[in-house]
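In our numbering, the protein residues as written are 58 to 153.
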């Protein structure tokens, strides 16, 4: 079953975060991920507002977790660790 990778981000160092984004995109694609939303218009209704929201679809929860744990994604993440405050969750899609 497909899964959604949902990240809510406040960027604190745009240059370093830009390098993360440049490297993360190919790592996500290599694991079957496709972006559904990246920095798009949003409306915050509850919780902590973060100016950047990203949603990617993966073939499965396992594929999304494998991407996160991959050497390629971890190399990208090294650029984001001190460049942003992030929340990331992977949710299995459950068709109604």
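Even for Gly, the Cβ is constructed at its ideal location relative to N, Cα and C.
Worksheet item: Roughly how many angstroms separate the alpha carbons of residue 115 and residue 96, rounded to a whole number?
Response: In this model, residue 115 and residue 96 are separated by some 18 Å (Cα to Cα).
Worksheet entry | Residues that DSSP places opposite residue 114 in a beta bridge | Note: residue 114 sits in a beta bridge opposite 61 and 91.
Worksheet item: CA-CA distance, residue 79 and residue 151?
Response: Answer to the nearest angstrom: the Cα atoms are 30 Å apart.
Worksheet entry | Alpha carbon of residue 129 to alpha carbon of residue 138, nearest angstrom | One C-alpha to the other measures close to 15 Å.
Item to complete: For residue 93, collect the residues of the same chain with a Cβ closer than 8 Å to its Cβ; drop the 5 residues on either side in sequence, then sort them by chain order.
Response: If we look at residue 93 and ignore the five residues flanking it on each side, its Cβ neighbours are 61, 112, 113 and 114.
Worksheet item: Between the C-alpha atoms of residue 83 and residue 65, what's the straight-line distance to the nearest angstrom?
Response: Each residue's alpha carbon lies about 19 Å from the other.
Item to complete: Given a cut-off of 8 Å, decide if residue 118 and residue 147 are closer than it, judged by their beta-carbon atoms.
Response: Less than 8 Å divides the Cβ of residue 147 from the Cβ of residue 118.
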